[in-house]
Amino acid sequence: MKSLITALVLSTALVAPSLALARPVTLTVNMADYGGPGAYLAVYVTDGSGAYAGSLWMAGGKSKYYKHLTDWSRLTGGDVAQVDGITGASVGSGRTLTLTMDLADALFDAGYTLHIDAAAEDMRDSPNEVAVPLTAAGAGAAVPGRRYIADFTYGF
Amino acid sequence: MKLTFALLLMATTLGAGSAVFAAGQGLPLTPDPSLAPRTAPSAALTLIDDGDEGEGGWFWSLSHDDDDNGDDDDDCEDEHDGGNNCASGAASNAAKAGTAPPPNNGLFTDGTAPVVTSN
Chain A
1119 MKSLITALVL
1129 STALVAPSLA
1139 LARPVTLTVN
1149 MADYGGPGAY
1159 LAVYVTDGSG
1169 AYAGSLWMAG
1179 GKSKYYKHLT
1189 DWSRLTGGDV
1199 AQVDGITGAS
1209 VGSGRTLTLT
1219 MDLADALFDA
1229 GYTLHIDAAA
1239 EDMRDSPNEV
1249 AVPLTAAGAG
1259 AAVPGRRYIA
1269 DFTYGF
Chain B
-13 MKLTFALLLM
-3 ATTLGAGSAV
7 FAAGQGLPLT
17 PDPSLAPRTA
27 PSAALTLIDD
37 GDEGEGGWFW
47 SLSHDDDDNG
57 DDDDDCEDEH
67 DGGNNCASGA
77 ASNAAKAGTA
87 PPPNNGLFTD
97 GTAPVVTSN
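Just so you know, the sequences run in chain order A and B.
Using the working numbering, you'd call the opening residue of the first sequence number 1119 and step up by one each time.
Using the working numbering, you'd call the opening residue of the second sequence number -13 and step up by one each time.
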C-alpha cells in the first residue's frame, strides 16, 4: 500500500508541473469587410528583442504567396517548415477564424508579442496587421487590425 | 517647239503649286508637337498589370483561386507562375494541419495541435 501511495505521489509530482507549463488559449480573428477574396494570415510570435520565436498558424496553403506576408517572410526566410502542421485555409472577408491551442505558459508576461501579417489577392500587403503583447492582463481585450482584420482577441 | 515649251511651263507650274500647297497645308514632315505627351506605357505599369509575381510588390493575383474560404491547395492551376508548379511547387507547400505534427518550436505543448474553426 505504501509503495502504491508513493508511486501515486511521485507520478503526480511529475505530471503536475508539465500541466502548469501550458494553458489552452483561444485566438479569435474577426476579418473586416474588405471586399476581396480570402486573405492569407501569418500568426507568429517574437520575443522581447524582436527576434522571431515561432509561428502559431498560417491561413493559406500556397507557399508561393507567403512572400506577401512580408514580415513573417523576412523573419523566417520564407521557411515553409515553420508552418508545417499548422496551416489551413485562407480567411474570407467578414469571416471569423478561431484557433484553440495549448500554448506554453512562458509566453505570457515575458515580453513576447503576437503578430499577424495579412495579404489578399490584388490588394496591398499588410505586414504587422496586428501586434499585441502576450500578457495575462491583455486576455479578452480586442485589438483592432489595420486593413483586413477588424479585431483580434486572445483568451484563456 | 512651242508645244514643248508650253508643256514644260505647265509641268513646272503644277509642280511649284504642289510644293507651295504641301508647305502650307499639306502633311508636315516633322512630328506634331501635340503628340509629344503620348509616351509609351512605362514598365512599372506593365508590371502591375502582370500581377507582380516576380517582385513581391503590393499587388498580387491568383486569378483562378477565387474562393473566400480556403480550398486553395491546387498549385497546378495558377497561370502566373511562368512555370509548372505541379512538379516542384506543390511539394514545397506546408503540411496542412492534421496531416503532420506542429513544429517543435517551443510554443506548443508537445503533441498538441491547434484546433481551427472558421465560419
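For glycine and all other residues, C-beta sits at the position ideal for the given N, C-alpha and C.
Practice prompt. Counting only the same chain and skipping the five closest in sequence on each side, list residues whose C-beta sits under 8 Å from that of A:D1220.
Written response: Here residue 1220 of chain A refers to the residue found at position 102 when the first sequence is read from its first residue. Cβ contact annotation for A:D1220 (same chain, cutoff 8 Å, sequence separation greater than five): A1140, R1141, P1142 and V1143, in chain order.
Item to complete: Look at A:V1161 and A:A1177 and say whether their C-beta atoms are less than 9 Å apart.
Response: Counting from one through the first sequence, the residue named residue 1161 of chain A turns up at place 43. Counting from one through the first sequence, the residue named residue 1177 of chain A turns up at place 59. Yes, the pair counts as a contact, with Cβ atoms nearer than the cut-off.
Worksheet item: For the candidate residues A:A1169, A:A1150, A:T1164 and A:N1148, whose alpha-carbon lies nearest to that of A:V1250?
Response: Looking up residue 1250 of chain A in the first sequence gives position 132. Cα-wise, what sits closest to A:V1250 is A:T1164.
Item to complete: Check whether the region 1179 to 1193 of chain A touches the region 1146 to 1153 of chain A, counting contact only when three or more Cβ pairs, one atom from each stretch, lie closer than 8 Å.
Response: Three or more beta-carbon pairs separated by less than 8 Å are not found between the region 1179 to 1193 of chain A and the region 1146 to 1153 of chain A, which leaves the two stretches without contact.
Discussion item. Quick check for students: name the residue ranges of the beta strand (DSSP E) that lie wholly in the region 1175 to 1252 of chain A, counting only runs of 3 or more.
Written reply: Counting whole runs of 3 or more residues, the region 1175 to 1252 of chain A contains the beta strand (DSSP E) stretches 1214 to 1222, 1231 to 1237 and 1244 to 1251.
Worksheet entry | Cβ pair A:T1194, A:S1173 closer than 9 Å | For this step, residue 1194 of chain A is matched to residue 76 along the first sequence. For this step, residue 1173 of chain A is matched to residue 55 along the first sequence. Yes; because the gap between Cβ atoms is below 9 Å, this pair is in contact.
Worksheet item: In three-state terms, what does DSSP make of A:S1167?
Response: On the first sequence, residue 1167 of chain A is found 49 positions in, with the first residue counted as 1. Coil at A:S1167, not helix or strand.
Practice prompt. Quickly, what does DSSP pair A:G1273 with across the bridge? List them, please.
Written response: One-based indexing of the first sequence puts residue 1273 of chain A at position 155. DSSP lists A:T1144 as the beta-bridge partner residues of A:G1273.
Worksheet entry | Chain-ordered neighbours of A:D1220 on chain B, where CB pairs are closer than 8 Å | Along the first sequence, one-based indexing puts residue 1220 of chain A at 102. Simply F94, T95 and T98.
Practice prompt. Give me the Cα-Cα distance between A:L1187 and A:D1243, rounded to the nearest whole angstrom.
Written response: Here residue 1187 of chain A refers to the residue found at position 69 of the first sequence. Here residue 1243 of chain A refers to the residue found at position 125 of the first sequence. Whole-angstrom Cα-Cα distance: 7 Å.
Item to complete: Taking a Cβ distance cut-off of 8 Å, strictly less, list which residues of the region 1227 to 1238 of chain A are near chain B, in chain order.
Response: Close to chain B, meaning a Cβ-Cβ distance shorter than 8 Å, are the following residues of the region 1227 to 1238 of chain A: A1237.
Worksheet item: Any idea if B:F94 is buried or exposed, counting beta-carbon neighbours within 10 angstroms, 16 or more meaning buried?
Response: Translated into the one-based positions of the second sequence, residue 94 of chain B becomes position 108. The residue in question, B:F94, is buried, as its Cβ has 16 or more Cβ neighbours within 10 Å.
Worksheet item: Using a Cβ-Cβ distance under 9 Å, would A:L1139 count as near chain B?
Response: To locate residue 1139 of chain A, count along the first sequence from 1; it is residue 21. A:L1139 counts as touching chain B.
Practice prompt. Find the residues of chain B that neighbour A:W1175, judging by a C-beta separation of less than 9 Å, and give them in chain order.
Written response: Counting from 1 along the first sequence, the entry for residue 1175 of chain A is found at position 57. By Cβ distance, chain B contributes A83, P100 and V102.
Worksheet item: From the DSSP output, which residues share a beta bridge with A:Y1162?
Response: Here the question's residue 1162 of chain A lines up with position 44 in the first sequence. In DSSP, A:Y1162 forms a bridge with A:S1173 and A:H1233.
Worksheet entry | Top-ranked residue by Cα proximity to A:V1248, from A:A1236, A:A1255, A:M1241 and A:A1254 | Sequence index remark: in the first sequence, residue 1248 of chain A carries index 130 (1-based). Comparing Cα-Cα distances from A:V1248 to each of A:A1236, A:A1255, A:M1241 and A:A1254, the minimum goes to A:A1236.
Item to complete: Say whether chain B places a C-beta atom closer than 9 Å to the C-beta of A:I1204.
Response: For the purposes of this step, residue 1204 of chain A is identified with residue 86 of the first sequence, where counting begins at 1. For A:I1204, the nearest CB of chain B lies under 9 Å from its own CB, placing it at the interface with that chain.
Worksheet item: A:G1256 CB to nearest chain B CB: under 9 Å?
Response: Here residue 1256 of chain A refers to the residue found at position 138 of the first sequence. No, A:G1256 does not count as interfacial toward chain B.
Worksheet entry | Span separating the alpha-carbon of A:F1274 from that of A:A1268 | As a first step, residue 1274 of chain A is located in the first sequence; it is residue number 156 there, counting from the start. As a first step, residue 1268 of chain A is located in the first sequence; it is residue number 150 there, counting from the start. One C-alpha to the other measures close to 21 Å.
Worksheet item: At a Cβ cut of 7 Å, what residues of the region 1181 to 1198 of chain A count as close to chain B, listed as they run along the chain?
Response: Listed by position along the chain: S1181, K1182, Y1183, K1185, H1186 and V1198.
Worksheet item: I think A:Y1230 touches A:L1252, with their Cβ atoms under 8 Å apart; what is that distance to the nearest whole Å?
Response: Along the first sequence, read from residue 1 onward, the residue named residue 1230 of chain A stands at position 112. Along the first sequence, read from residue 1 onward, the residue named residue 1252 of chain A stands at position 134. The Cβ separation is near 5 Å, so the contact holds.
Fill in: DSSP beta-bridge partners of A:P1262
Stepping through the first sequence from its first residue, residue 1262 of chain A is reached at position 144. DSSP, once it has assigned bridges, lists A:D1269 as partnering A:P1262.
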